[in-house]
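Residue numbers (the UniProt record's numbering): 1 to 271.
The C-beta atom is built at its ideal place from N, Cα and C for all residues, glycine as well.
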């Protein structure tokens, strides 16, 4: 489709405005983390790395970072197992309720986070507390896994639908059992989809705050919760800017890698 010169200019201007709305605030966070002032000011009077050193020596920020990493790894592990199993069931088998199962699996990502958080908090209080299991890191991992499963499921099921089941059938005809066919044939075909789904699930878990607020116990504080609790404290404002900048960078890396993996796989499948 050919666009007129004025239409191309309008589209580019709209795209530039949209990108500016998204990325300029992120750049401001990075600039403020290097500003010597404790309060946000523009333009910054200079540049310093003092706040980065202070953030590095902040025990609260380091503990919150480690908690976020553990929660993200736990939720990703659960999502990889459950999401992959459900994806294989939906893509490779025909059974009653298959479409309903797909809908139920994908639904949590569409629900508002506060609704999921309230529902999980109520369920944990009703089921786990009578058993002596209170809110803590375990409940955070389970809460994050509810929506991380969707990410893995979508990646794996999309790959399986583009991959013919004749490969597994050929392996079975050659004498391979189910496990051997999966290891030698199926897993190499879906490996990049699993990695991309795992990276996206970890990134989604790492910066989640709404569900975490309702599922974390009094002694559990992830990095987003630490930022939220300290952003109103004037003395902590520069350190919060540093931690927020680090959070953005840590979230970008897995998303970029997952996007590259998905792009490379799509190109290879067309070839």
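Using 8 Å as the threshold, is the region 197-211 in touch with the region 129-148, meaning 3 or more CB pairs across them?
yes
Spatial neighbours of residue 224 within its chain, please: C-beta separation below 6 Å, excluding the five flanking residues on both sides.
207 and 209
Using a Cβ-Cβ cut-off of 7 Å (strictly less than) and excluding sequence neighbours within five positions of residue 190, which residues of its own chain qualify?
156, 159 and 160
What did DSSP end up calling residue 260 once you bin it into helix, strand or coil?
helix
Helix, strand or coil at residue 11 [DSSP, three-state]:
helix
Note down, one range per segment and in chain order, each alpha helix (DSSP H) of at least 4 residues found wholly within the region 186-256.
187-206, 210-215 and 223-230
I'd like the span of the alpha helix (DSSP H) that includes residue 97, first residue to last.
Unbroken run through residue 97: none, as it is neither H nor E.
What separation, rounded to the nearest whole angstrom, lies between the Cα atoms of residue 71 and residue 9?
45 Å
Best match in 162, 128 and 255 for proximity to residue 217 [C-alpha to C-alpha]
128
Can you name, in chain order, every residue of its own chain whose Cβ lies under 6 Å from the Cβ of residue 30, other than the five neighbours on each side?
245
Touch test, the region 110-117 against the region 74-94, Cβ-Cβ under 8 Å, three pairs minimum
no
Considering Cα atoms alone, identify which of 32, 93 and 74 is closest to residue 52.
32
Reduced DSSP category for residue 133 - H, G, I as helix; E, B as strand; rest coil
coil
Can you round the beta-carbon distance between residue 194 and residue 254 to whole angstroms, since I take them to be within the 8 Å contact cut?
About 13 Å; that fails the 8 Å criterion.
Delimiting residues of the alpha helix (DSSP H) encompassing residue 53
50-56
Touching or not, the region 172-181 and the region 57-77, by the rule of three or more beta carbon pairs under 8 Å?
no
Which value, in whole angstroms, describes the spacing of the CA atoms of residue 259 and residue 251?
13 Å
Check residue 36 in the structure and name its three-state DSSP category.
coil
Kindly list the residues whose CB is nearer than 8 Å to the CB of residue 239, restricted to its own chain and excluding five residues on each side of it in sequence; keep chain order.
51, 54, 55, 58, 61 and 230
Any idea what DSSP makes of residue 72, helix, strand or coil?
helix
Neighbourhood of residue 119 by C-beta distance below 7 Å, restricted to the same chain and skipping five residues each side:
none
Give the single residue among 242, 25 and 14 whose Cα lies nearest to the Cα of residue 35.
242
So, for residue 198: in the same chain, excluding its five sequence neighbours on each side, which residues have a beta-carbon less than 8 Å away from its beta-carbon?
76, 79, 80 and 152
To the nearest angstrom, report how far apart residue 233 and residue 125 are at their CA atoms.
32 Å
Going by other Cβ atoms of all chains shown within 10 Å of its Cβ, with 16 needed for buried, is residue 169 buried or exposed?
exposed
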